[in-house]
Structure formats: structure tokens, C-alpha cells
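Colleague: Could you have a look at this structure, given as C-alpha cells, before my questions?
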């Protein structure tokens, strides 16, 4: 079997998504002595490139995501020397993301219903806005997760420091011969609230995402942040995606320390995809991901690895 369009597109896809793919370099010069002929592939190799079931990784650090081998855990790149990812750098080890709250300890949202966040330097005094929101609102944010843990007056300061980690889902399926379109329930992720988690609201924030379609083009996707309320904190309303824009919307949940809660991630206005690296960020000091499954609305199209 000669190198056909499916293999070419697969190689283009992984390049678009910032993943190293040594197979893309397997050409006539290396396998046929430079005679200009196409390389041959076994049916097993071709099948592996065409379809890789959904796999999950939990609690990846920003260092693991942003390092030179940050994509080593992606199945198509296993055993390949990594290249630096082209994904946007979400943060450094010196900073953490916190949720902006108002004087009453409620999460501040922008005009589209997205949770307003800011990047705070750990151990320092400087901060910069990581999302839209007024300066007056951001001045009321706490050093923890968006709600006061030291008292009920909204002015208390906590020594709590979040540990922002990344959840990652990887999938590729070109076996349909066309783009996959599914909307609605995309992923259901179950968290365990840690026993020592302070009362408060813990945001589920956008990570570095890569989506691609059958034509090997990058597909932009928006993200609406979610939230898990713990203890006395109020459960937040789920945000609303912008109509006509490919969006993944994280839901909300509420529980007490020791509880398990499930958050649904919805897709809307999906234009069609064949590959993805989907990530979101969460506070691993308060939350532990214990399970993840493909949602019922996408289960017929996105196969999970077991």
C-alpha cells in the first residue's frame, strides 16, 4: 500500500496541532535511496494513523504542557522526541490563576457570561488581568479561588494557594473519510472534592486547545468557564456560548468536602473535526479528577480507549 491521502492528511494534522510526527519524514530519501518513489506502509501503520481513540490524562502541570516534551503523552507522539508546542502559553510556575469576585464574594462574569479571572504572581504583589473585567471588580478578588475562606465579610485574606493543573483529552479519527460533527454532551468529568478544600468557588478554566478538520486546518474553539462550589459557596449558573461560534461550555456543580460531583462539557456549533487536544485547568489542591467519559451526544462518533 502506497502513501495515500489519508496518511498525508494525518501528517499535516499533527503538524497543525503542534505534535511531533517522525513518520511525516519517512520519505523516498530514507526508504528508497532517494529515487523519488513513495514509501510503503503496512495496513497496521495506516490504521494507527487514521484512528486513535479518546484518551485522558489528569493533573498535568503547566511545565509538562509547555516543556519541550510536553506532547510526549499524546498517543501519536509516543516514543518521538518532542518539539516545543505551538499552543498558547497559559502560565508559568511563578503565577497562578484566580477568579475575580465582587464585594459579596460572588464570581464576576463578563457580558457573555464568562468567568473573569486574573493571573497573580505567587509570593509577590503584582498581578495582571487574564480576562475581561473592570479594575474595581478585580480589586475584590481573593488570593485563593474566588470566595473568602477566612470569614464572611468578603474582606478576609487567606493563605490558601491554588495548584492549577491541566486535564487533557486526545482523539483522532479519520476513518469516516470526512469531518465528524457532534454537538451537546461532549464530556462528563467527575471530580472528588478534597477533604481539606476550603469553602469557595473553584473555576474550571480554559487550557491550551488544538482542534483540526479533515482538510488539516486548525479549527478555532471558544471556551466558557465552569465552576464547582464547595460548602457554603453558592452554585453558579452555567455560562452561555455565543451563537454561531464553535464553543465548549463547562457546566457547574456543588458539593461538600469528600463528595464526588460530575461536570458536563457541552459542544455547540461544531463545524466538523477529525482530531483534538482538549485541555482545561482546575485547582488540584481542592479537586481531584477521578473519572471522565465521552458524553452521550458524542459517544456514537468519538470512541473511548479502554
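In my numbering, the protein residues as written are 16 to 321.
We put the CB at the ideal spot given by N, CA and C, even for glycine.
(1) What three-state label does DSSP hand residue 42 in the structure shown?
(2) Can you tell me which of the three DSSP states residue 214 falls into?
(3) Where do the N-terminal and C-terminal ends of the alpha helix (DSSP H) with residue 81 fall, by residue?
(4) For the structure I just gave you, are there three or more beta carbon pairs, one from the stretch 248-262 and one from the stretch 190-203, closer than 8 Å?
(5) Quick check: what's the CA-CA separation for residue 275 versus residue 214?
(6) If you follow the beta strand (DSSP E) that residue 183 is part of, which residue opens it and which one closes it?
(7) Give the secondary structure of residue 65 by DSSP, where H, G and I count as helix, E and B as strand, and everything else as coil.
(8) Are the beta-carbon atoms belonging to residue 294 and residue 181 less than 8 Å from one another?
(9) Within the continuous beta strand (DSSP E) that includes residue 247, where are the two ends?
(10) Measure the alpha-carbon distance for residue 37 versus residue 65 and round it to whole angstroms.
(11) Taking the alpha-carbon of residue 254 as reference, which of 247, 311, 282 has the nearest alpha-carbon?
(12) Check whether the Cβ atoms of residue 223 and residue 243 lie closer than 8 Å to each other.
(13) Is the separation between the beta-carbon of residue 310 and that of residue 196 shorter than 8 Å?
(14) For residue 316 and residue 285, I'd like the C-alpha separation in whole angstroms.
(15) For residue 87, which of helix, strand or coil comes out of DSSP?
(16) Is the CB-CB distance between residue 74 and residue 304 below 8 Å?
(17) Would a C-beta distance cut-off of 8 Å place residue 219 and residue 249 closer than the cut-off?
(18) Between residue 228 and residue 234, which are expected to be in contact by the criterion C-beta below 8 Å, what is the C-beta distance as a whole number of angstroms?
(19) Sorted by chain position, which residues of the same chain lie with C-beta nearer than 8 Å to residue 272's C-beta, five sequence neighbours on each side aside?
(20) If you draw a straight line from the C-alpha of residue 216 to the C-alpha of residue 185, how long is it?
(21) Beta carbon of residue 194, beta carbon of residue 123: below 8 Å?
(22) Considering just the uninterrupted stretch of the beta strand (DSSP E) at residue 270, what are its terminal residues?
(23) According to DSSP, is residue 196 part of a helix, a strand, or is it coil?
(24) Using the three-state DSSP reduction, which class does residue 124 fall into: helix, strand or coil?
(25) Should residue 320 be labelled buried (16 or more other beta-carbon atoms within 10 Å of its own) or exposed?
(26) Rounded to whole angstroms, what is the Cα-Cα separation between residue 318 and residue 76?
Modeller: Looking at the coordinates:
(1) Residue confidence is low: residue 42 scores 45 on pLDDT, short of 50, so the model does not pin down where it sits. No coordinate-derived value is stated.
(2) Here DSSP, grouped into helix, strand and coil, assigns residue 214 to coil.
(3) Element bounds for residue 81: 77-81.
(4) Too few Cβ pairs lie closer than 8 Å, so no.
(5) Between residue 275 and residue 214, the C-alpha separation is close to 15 Å.
(6) Going by DSSP, residue 183 is part of the beta strand (DSSP E) stretching over 179-188.
(7) In the structure shown, residue 65 sits in a helix (DSSP, three-state: H, G or I).
(8) Result yes, Cβ atoms of residue 294 and residue 181 sit closer than 8 Å.
(9) No beta strand (DSSP E) holds residue 247; DSSP gives it neither H nor E.
(10) Because residue 37 sits at a pLDDT of 38, beneath the cut-off of 50, its placement in the model cannot be relied upon, and the following sentence gives the value as read from the coordinates. For residue 37 and residue 65, the gap between their C-alpha atoms comes out near 16 Å.
(11) Selection 247, 311, 282 evaluated against residue 254 yields 282 as nearest (Cα-Cα).
(12) With a cutoff of 8 Å on beta-carbon distance, residue 223 and residue 243 are scored as not near each other.
(13) Not closer than 8 Å, so no.
(14) Looking at the two C-alpha atoms, the distance is approximately 13 Å.
(15) Note that residue 87 has pLDDT 46, beneath the 50 cutoff, so the model's placement of it is unreliable and no number is given.
(16) With contacts defined as CB atoms closer than 8 Å, residue 74 and residue 304 qualify as a contacting pair.
(17) 8 Å or more divides the Cβ of residue 219 from the Cβ of residue 249.
(18) Residue 228 to residue 234, Cβ: 5 Å. Contact.
(19) If the five residues before and after residue 272 are omitted, its C-beta is found closer than 8 Å to the C-beta atoms of 208, 209, 210, 211, 212, 245, 246, all from its own chain and listed in chain order.
(20) The C-alpha of residue 185 is placed about 28 Å away from the C-alpha of residue 216.
(21) At least 8 Å separates the beta-carbon of residue 194 from that of residue 123.
(22) Note, residue 270: beta strand (DSSP E), 267-270.
(23) If DSSP states are grouped into helix, strand and coil, residue 196 belongs with coil.
(24) If DSSP states are grouped into helix, strand and coil, residue 124 belongs with the strands.
(25) Burial call: exposed.
(26) Roughly 26 Å between the two C-alpha positions.
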